[in-house]
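*Asks:*
Numbering (my numbering), first residue to last: 1 to 204.
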C-alpha cells in the first residue's frame, strides 16, 4: 500500500477524518502530535525555540506558551518561517523513524501521514499520494472562531498564513469535502479508501 499524505486547511476537519481512520484500524502518523513531543522542555527543538524567541514564550513550568507564540508567528511571517525551520526537520526525522520500519516489516499495511502544512513543508515528497480535506472559507472561518475563541481578524490571519485551500486542492490526488454532516464526510472517506485500494491493485 502507498504512504498517503493527508492535509487540509486549519479547521477544515482533518481530525474528524483521522479519528475515523483510526476507528477503522488504519495507522495515522500525526505531525501535530510529533511536533508537540519535539517541543517538550529540554528537547533540542525546545532549546532552539527558547534561543530564537526568548523566555517570554515559555510558561512557568517551562512548556511553550503555544497561544502567545501562535499570536506572534501568525502576525509575523519571518517569525513563522523561523519556527518552521526549527520544527519541520525534527518532525520529519521522527516520522521517518516510525514509518520506515513499519513499511519494511509489512509493505502492505496502510499508513496515513497527517500534516497540516504538508505542501508548505515539502513533506508531500515522501508520500505516494495526497488527500486534502476542505471546506469553503466562510465555513472554515466560522469553525475556527468557534473552536479557538478567536476574533475574526485573528482567525483570518491564521487562515491566510497557510497555502490557499484551492491551491492545495489543485495539488491533491483525492479530495474530501467536509462541509456537510460528519456522517457524510465518513461516507466520502469510505469511498476514498476504496478508490485507493483499487488503484493500488491496478498499479501492482
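Using N, Cα and C, we set each Cβ at its ideal position, and we do this for glycine too.
Every value quoted in this text rests on a predicted model; they were computed, and no experiment measured them.
1) Straight-line CA distance for residue 111 to residue 26?
2) Looking at the structure shown, is residue 3 part of a helix, part of a strand, or coil, going by DSSP?
3) Could you check the C-alpha separation between residue 115 and residue 64 for me, to the nearest Å?
4) Among 75, 178, 154, whose alpha-carbon lies nearest the alpha-carbon of residue 12?
5) Kindly list the residues whose CB is nearer than 7 angstroms to the CB of residue 206, restricted to its own chain and excluding five residues on each side of it in sequence; keep chain order.
6) In whole angstroms, give me the CA-to-CA distance for residue 125 and residue 93.
7) What does the alpha-carbon distance come out to for the pair residue 106 and residue 138?
8) Name the DSSP bridge partner or partners of residue 134?
9) Can you give the Cα-Cα distance for residue 55 and residue 95, rounded to whole angstroms?
10) On the three-pair Cβ rule with 8 angstroms, is the stretch 153 to 163 touching the stretch 128 to 145?
11) Which of the three DSSP states, helix, strand or coil, is assigned to residue 129?
12) Quick one: grab the DSSP three-state call for residue 28.
*Replies:* On the basis of the coordinates in this document:
1) If I take the Cα positions, the gap works out to 7 angstroms.
2) In the three-state scheme derived from DSSP, where H, G and I count as helix and E and B as strand, residue 3 is classed as strand.
3) 20 angstroms
4) 178
5) It is not possible to answer for residue 206, since the shown part of the chain is limited to 1 through 204.
6) Take the alpha-carbon of residue 125 and the one of residue 93: they are about 14 angstroms apart.
7) Inter-residue distance for residue 106 and residue 138 is about 42 angstroms (C-alpha atoms, whole angstroms).
8) 177
9) 28 angstroms
10) Counting Cβ pairs under 8 angstroms, three or more are found: they touch.
11) strand
12) strand
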